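Novice: Handing you a structure now.
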Amino acid sequence: MSGERIVIATSDGSCPATLFAPASRAPAPAVIFFMDGLGIRPVLFEMCERIAAAGYVVLLPDLYYRAGATTPISAKELFANPANRAKLAPLIASTDNLRAGRDDTRAFLAVLAGRGDVAGTRVGVTGYCMGGGIALTAAAMHPDRIAAAASFHGGRLATDSEKSPHRFAGSIRARVLVAGADQDESFPLAQKDALAQAFATGGVDARVEIWPNLLHGWTMRDFPIYQADGAERHFRELIALLDATLKA
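Here the sequence shown is numbered in our numbering, starting from 586 and rising by one per residue.
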């Protein structure tokens with residue numbers, strides 16, 4: 586299974602992206618994969634290929650395109666030398682929940698709607714770390730198109746920020762799964778409860794959970810805190826959500 590490299594025109598420039606399709610090449614529902622803060626790298630390709638193998642066309646956009654061409658930072662380099670984290674700051678600052686979840690996603694959805702290998706108009710989204718908040722925001726900003734939204738180890742999902750995803754929760758019409766880690770300061774129980782309440786108030790079909798014995802970033806195989814059982818659970822739960830909403 587190989588990825589197709591494309592470039593998507595957005596309101597702010599040209600966004601490189603990779604598309605992954607099922608081996609059958611038959612039309613299939615689409616999923617947008619919102620990357621974590623470390624950015625595009627081989628482990629994300631592996632994850633997208635696995636989702637594609639489950640019967641989905643998967644779009645993986647490089648959300649750091651506004652920062653121009655960048656040199657990827659490997660997880661090994663990042664964790665071996667914390668000073669490398671400073672290199673991520675301008676990249677992370679180049680996007681946010683609204684720029685990616687509202688503006689960029691509008692362009693992503695338009696591209697998917699025009700492809701013959703995509704079945705139907707309703708899509709799923711899944712996001713990791715910063716991509717978790719982007720996935721929830723995308724679902725709120727495009728409720729007529731997004732039928733399923735998942736966030737795994739997403740942080741700052743219910744804060745005082747005007748761009749906090751919980752502020753837009755009432756607009757979501759997708760089925761939602763939010764899974765945080767019990768050892769993650771970026772998504773403490775207070776945020777979990779606030780997000781769950783926002784979904785309940787908006788009448789959203791949502792599960793907001795804290796999974797035990799996990800650290801922030803547990804799904805990423807290139808991270809030293811990767812947890813295989815937790816990562817497998819994430820895939821099972823994600824595919825079940827997508828199947829229930831996009832294939833039922």
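Yeah, the Cβ is synthetic: ideal placement off N, Cα and C, and Gly gets one too.
Just so we're clear, the structure is a prediction, and the values are computed from it rather than from any experiment.
Give the DSSP bridge partners of residue 794, in chain order.
Specialist: Paired residue(s): 764.
Novice: In chain order, which alpha helix (DSSP H) runs of at least 4 residues are fully inside the stretch 635-714?
Specialist: Here the runs fully enclosed are 660-665, 670-678, 690-698.
Novice: Taking contact to mean 3 or more Cβ pairs, one atom from each stretch, closer than 8 Å, check whether the stretch 733-749 and the stretch 639-653 are in contact.
Specialist: No, the stretch 733-749 is not in contact with the stretch 639-653.
Novice: Quick one: is residue 786 buried, meaning 16 or more other Cβ sit within 10 Å of its Cβ, or exposed?
Specialist: Result: exposed.
Novice: According to DSSP, simplified to helix, strand and coil, what is residue 735?
Specialist: Strand, per DSSP.
Novice: As a quick exercise: from 608, 649, 658, 653, pick the residue whose alpha carbon is nearest that of residue 680.
Specialist: It is 649 whose Cα lies nearest to the Cα of residue 680.
Novice: Hey, how far is the Cα of residue 663 from the Cα of residue 713?
Specialist: Using only the alpha carbons, I get a separation of about 17 Å.
Novice: Provide the residue span of the beta strand (DSSP E) that contains residue 815, from first to last.
Specialist: That residue, residue 815, is in no beta strand (DSSP E); its alpha helix (DSSP H) goes 813-827.
Novice: Quick check: the Cα distance between residue 804 and residue 743, rounded to an integer number of angstroms?
Specialist: So the alpha carbons of these two residues sit roughly 22 Å apart.
Novice: Consult DSSP for residue 586 and reduce its assignment to one of helix, strand or coil.
Specialist: With a pLDDT of 47 at residue 586, under the threshold of 50, the modelled position of this residue cannot be trusted; read the value that follows with caution. DSSP places residue 586 in coil when its eight states are reduced to three.
Novice: Give the C-beta separation of residue 637 and residue 606 to the nearest angstrom, bearing in mind that I take them to be a contact with Cβ-Cβ under 8 Å.
Specialist: About 6 Å separates the two Cβ atoms, so the contact holds.
Novice: Please say whether residue 698 and residue 706 have beta carbons closer to each other than 8 Å?
Specialist: Yes, Cβ-Cβ distance for residue 706 and residue 698 is below 8 Å.
Novice: Output the boundary residues of the alpha helix (DSSP H) element that contains residue 774.
Specialist: Residues 774-787.
Novice: Quick check on DSSP: helix, strand or coil for residue 627?
Specialist: Helix at residue 627.
Novice: By DSSP's criteria, residue 603 is part of a beta bridge. Which residues make up the other side?
Specialist: Paired residues: 590, 645.
Novice: How would you write the range of the beta strand (DSSP E) that residue 615 sits in, first residue to last?
Specialist: From DSSP, the beta strand (DSSP E) with residue 615 extends over 615-619.
Novice: Give the straight-line distance between the Cα atoms of residue 790 and residue 708, rounded to the nearest whole angstrom.
Specialist: In a straight line, the C-alpha of residue 790 is about 16 Å away from that of residue 708.
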